[in-house]
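Protein chains in written order, with my numbering: chain A, 1294 to 1672; chain B, 1294 to 1672.
Presented below is the structure to which this report refers.
There are 2 protein chains.
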Amino acid sequence: MTAPSDERLARAALSRLGEPGDLRLCHLAAELGPQRLLAALAEDRPRDDGLRDDVAERLRHLDPAAELARAARQGIRFVVPGDEEWPDGLDDLAGAGALHERGGVPVGLWVRGPLRLDEIAPGLAVVGSRASTTYGDRVAADVAAEASLAGVTVVSGAAFGIDAAAHQGALGARRPTVAVLACGVDKVYPAAHRALLDDVVRTGAVVSEAAPGCAPQRVRFLARNRVIAALARGTVVVEAAARSGALNTATWASALGRVVAGVPGPVTSGSSAGVHERIRNGSMTLVTSGADVLELVGSAGEHLVEPPRAPTTRRDRLTARQRQLLDAVPVSTGVPADSVARVAGVGVLEAASLLRRLETIGLVERDEDGWRLGRAEPA
Amino acid sequence: MTAPSDERLARAALSRLGEPGDLRLCHLAAELGPQRLLAALAEDRPRDDGLRDDVAERLRHLDPAAELARAARQGIRFVVPGDEEWPDGLDDLAGAGALHERGGVPVGLWVRGPLRLDEIAPGLAVVGSRASTTYGDRVAADVAAEASLAGVTVVSGAAFGIDAAAHQGALGARRPTVAVLACGVDKVYPAAHRALLDDVVRTGAVVSEAAPGCAPQRVRFLARNRVIAALARGTVVVEAAARSGALNTATWASALGRVVAGVPGPVTSGSSAGVHERIRNGSMTLVTSGADVLELVGSAGEHLVEPPRAPTTRRDRLTARQRQLLDAVPVSTGVPADSVARVAGVGVLEAASLLRRLETIGLVERDEDGWRLGRAEPA
C-alpha cells in the first residue's frame, strides 16, 4: 500500500477535528484546500469564527497517518474528493445550503464494505419513521426490493423501523445496500442492528462522515441525513409523522434538486401525517410502489409505469352498439325489450337480438318482468 | 296550489320523454326553450339527430299536468330553472362539456324532502367506492360529519359503501344531507337503503333528474354523477379503485371548475388506487381530514387549517445554548462532560452546568461512562 498523500492526511485530520457537516469547516476546506485549512487551525491564535476554539483540544491528539493505518486494518477506507471512488453527487452539497447549521461537502467519508461509492448511482434513499407500522415496514421492504432488482441501490440510515425494513428489502432481493451512519463505521448503532449491519457490509457499504470511534450524537444524525440524500438520485419517505427526522432527509433531497417522493398511508393514524402534508403542499410526489419510484428516479424512458387500470372487463370487449343497449338495461327489476330499446334509442328487433347476445355472455338476464343486468356493476 | 306554468309543464314532459343528461335534449331545451322543443318533437317528422325516434313512443303517453299533480301528492316537487329554489351551480353544467355522451343542464330536478336546493350551498360531495373498506367508511363518515357541523351540506349518491357512510356521517351529526339518485325519487335503490333514504328525506333532500318511476340504469348513474358534482362546491373522493364511478364524479367536478380532493389510504390494497393516481397526476388535492376539506371548499380565510405539528416537546422549551449542548450528547453510551463540551463548542464549566440543568428535566442522564441522552429521540 502506498503512503497516503498529504491531502488525504489533511482530510483525515480535519475529519477527526471537526463535526460532520460543520459548515465553517466544510466550506473552508473547499475554499482553502484541506492542507492550508489544517495549517491555519494549527496556528496558535484565535479565529473570529470560533472554529479554532472548538478543535483546540482535538488538535493535540492528531495522528492521521496512524489513524488511516488503523482504519485500514479494520477494513475501513477513507474516500475523499478526487478519488476515483468519490461519487459526483456529493459535490452537489457545496451549493445546497444549510439545515440546522449543517451542510457542505464532507471532507471525506469512512467506508466499510465491498461496494464502491461510485457504484451506488443511481441510488434510491428509502427512509422513514423509526416508530413504523407493519404496513410501513412492508411497503418500505417492497419498494426497496423492487428498486434493487431494477439495479437501483437502496441507501438508508440503518435506524429502527423503515430504515431497517428498506435495507432488509434490498438484502432479501440479494442486492447490495448502503447504510449511512451517524456514528463511526466501526460502531454499531442501534446495538440491536449488529446482524443487519454485518449483512449490509458483506455485499454493500457502511458509510459515515464521522471518524471511526465517534458516538452517535443528534447533530451527527442531522448531518448524516444530507449524505443519505446526496448519495441517491431520489429519496422516498415511507411513514413520517410531523417533524420526523425522515422529513429532514427529504428536505435535503429537495435542496439538492433530487427527486422527493412519499408513500401515502391511512389518515387515521399519525404515522404518515408528515408525508401527507408534503404531498399536499407539492414538495413530494405521491408514489405507491417500486414501479412508481423507478419511473421517477430512472432516466427518461428507462422505467415506464403504466397508469393503474382495472382489469379488462367483459364490457370492454363489447361493440359500441352492444354497450349502448347494455347501458339502458335496468339494474334491479327487469323491463320488457321494447322499453330497453326506447331508452337505448335502438329499434325493438335489433334490441331483442342484442339482448339475447348479451344474455349468452352473462351480462344481462331475464326475470318475470323482463330484462335486467347480470351481476355486472351498474356504475 | 296554482296551476303549473306552460314552461313547467313542458319541462316535466321533457323530463319524462328524454334520458337524464341526454345532450341533444338538454342543449335544445336551453337553446329553443322547453315549450318550442316539445312542440318540435310533437311534429310528426323525423329529425337528423334521432331524438324524435327515441322519444316517439313516450310522446303518446304524456300528461305532464297529471304527473306533476301525482308527484305533489307523493310529496315530490319538480324544481326548474327560474324557480327561486333552483341552485345557480347547476347552470354551470351548460359549459362543462360531456362525459360518456351525457351532459348539459337538467330540464328540471325531482325533489323529496324539506331541504331546498338553493340552501345546499356550500355543498360538499363525498363519494367513493361501493366496495369500501372499514377504513374508508370511517374516514368518509368523519369528513362528512365535520363538514356538516361546519355548515357545509354533504351531497352523495346513496350507494353502498362510501356514499352511505357519508350520508350517515352527516345524519349522525344531526345535519341534513342530499342524496342524488339515478332512479326516480319515489324508488328505493339500492333496496337495502330504504331506512337510509327515509332518514335523508326527513331533514334533507332526495333528488333525481330522472322522472318518478324511472328505474336505475347505467346511463342514469353516469348522468347522475354530474348533478352530484354540480350541487357541491367541491368533491372529495374516499377510496376509489381504478375506473371507479366515483372518479367520474371527480371528473365532472373538475370540468365544472370545482374543488376536487382525495383521501389517501394504504397502498397495499387497491381500494385507493384511483385516488392515488389522481393525486399523483395533480388532478386531485390530497386531504386527510374534514378540516383539510373545509379549507379547500371554504371561502378564503373562512376555514383555516393548521399544518400538522408534533406536540411541543421539552426540547422546544430549551434555550438555544441548552439545545446546542443537548445536540452534542451521545445517544447510547455516555461520555465525559469535557467531551460533550468539545463537540458542542462550549466551555467545560458551562457545559457541566448546562448538563446538570438538562438532567433535572430528564433530557440527559448519567451512566458509568458519563453523559448520554435521556429517552428523547435522537433525530
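Even for Gly, the Cβ is constructed at its ideal location relative to N, Cα and C.
Fair warning: this is a prediction, and the values are worked out from it, not measured in the lab.
Close CB contacts of B/G1406 within its chain, under the 6 Å cut and outside five residues either way in sequence, are with V1494, G1497, A1498, V1499 (chain order). Residue burial is scored here from C-beta neighbours: B/N1574 has fewer than 16 other C-beta atoms within 10 angstroms and is therefore classed as exposed. In the three-state reduction of the DSSP assignment, B/A1463 falls in the helix class, which pools H, G and I. Inside the stretch 1442 to 1516 of chain A, DSSP marks whole beta strand (DSSP E) runs of 3 or more residues at positions 1446 to 1449, 1470 to 1474, 1498 to 1501, from first to last along the chain.
The beta-bridge partner set that DSSP reports for B/D1660 consists of B/G1663. The beta carbon of B/A1364 sits closer than 6 Å to the beta carbons of P1505 from its chain, once the five residues preceding and following it are set aside; these are given in chain order. Among the bridge pairs identified by DSSP, A/A1554 is matched with A/V1529, A/T1578. For B/Q1461, there are no C-beta contacts with chain A under 8 Å, since the nearest C-beta of that chain is about 17 Å from it. Using a Cβ-Cβ cut-off of 8 Å, B/P1557 counts as an interface residue toward chain A, since at least one Cβ of chain A sits closer than that to its own. With respect to the 8 Å criterion, B/S1449 and B/L1474 are not classified as neighbours on the basis of their beta carbons. For A/G1343, the C-beta contacts it makes with chain B under 9 Å involve G1638, in order along the chain. For a Cβ distance threshold of 9 Å, nothing in chain B lies close to A/V1448: the least Cβ distance comes to about 16 Å. A direct Cα-to-Cα measurement between B/V1552 and B/T1542 gives close to 12 Å.
B/V1568 sits away from B/A1546, with the two beta carbons spaced by 8 Å or more. For the 8 Å CB-CB criterion, B/D1342 and B/R1317 form a contact. A distance below 7 Å between beta-carbons, with the five flanking residues on each side excluded, links A/L1490 to the following residues of its chain, in chain order: A1451, A1472, V1481, V1499. Pairing B/L1352 with A/V1580, the inter-Cα distance amounts to about 54 Å. Between the stretch 1520 to 1533 of chain B and the stretch 1409 to 1416 of chain B, the count of Cβ pairs shorter than 8 Å is three or higher; the stretches touch. One finds nothing in chain A with a Cβ atom closer than 9 Å to the Cβ of B/E1502; even the nearest lies about 14 Å away. In the DSSP assignment, B/A1335 falls within the unbroken alpha helix (DSSP H) covering 1327 to 1335.
Annotation: Cβ neighbours of A/P1623 in chain B (cutoff 8 Å, chain order): A1508, P1509, Q1510. Excluding its 5 nearest sequence neighbours in each direction, B/A1644 has C-beta neighbours in its own chain below 7 Å: L1618, A1630, V1633, A1634, A1637, listed in chain order. When 8 Å is used as the limit between beta carbons, A/T1470 is near no residue of chain B, the shortest such separation being about 19 Å. Within the stretch 1345 to 1356 of chain B, contact with chain A at the beta-carbon level (separation under 9 Å) is assigned to D1346, D1347, V1348, A1349, E1350, R1351.
B/L1619 reaches chain A at R1511, counting residues in chain order whose Cβ is nearer than 8 Å.
The secondary-structure analysis by DSSP pairs A/A1418 across a beta bridge with A/V1448, A/T1528. Fully enclosed alpha helix (DSSP H) runs of no fewer than 4 residues occupy 1316 to 1325, 1327 to 1335, 1344 to 1352, 1357 to 1366 of the stretch 1305 to 1389 of chain B, in order along the chain.
Contact annotation: in the stretch 1304 to 1317 of chain A, residues whose CB is within less than 7 Å of a CB in chain B are E1312. Closest option to B/A1305, judged by alpha-carbon separation, among B/A1389, B/A1359, B/L1587, B/D1337: B/A1359. Taking 8 Å as the threshold, the shortest C-beta distance from B/S1564 to chain A does not fall below it. In chain order, A1508 make up the part of chain B whose C-beta sits under 8 Å from the C-beta of A/T1626. Contact annotation for A/H1569 against chain B: P1557, L1579, T1581 [CB-CB distance below 7 Å, chain order]. Per DSSP, reduced to three states, the secondary structure at B/V1633 is helical.
According to DSSP, residue pairing for B/V1628 in a beta bridge involves B/W1664.
With 16 or more other Cβ atoms from the protein chains shown falling within 10 Å of its own Cβ, A/D1347 counts as buried. For A/V1560, at least one C-beta of chain B is nearer than 8 Å to its own C-beta.
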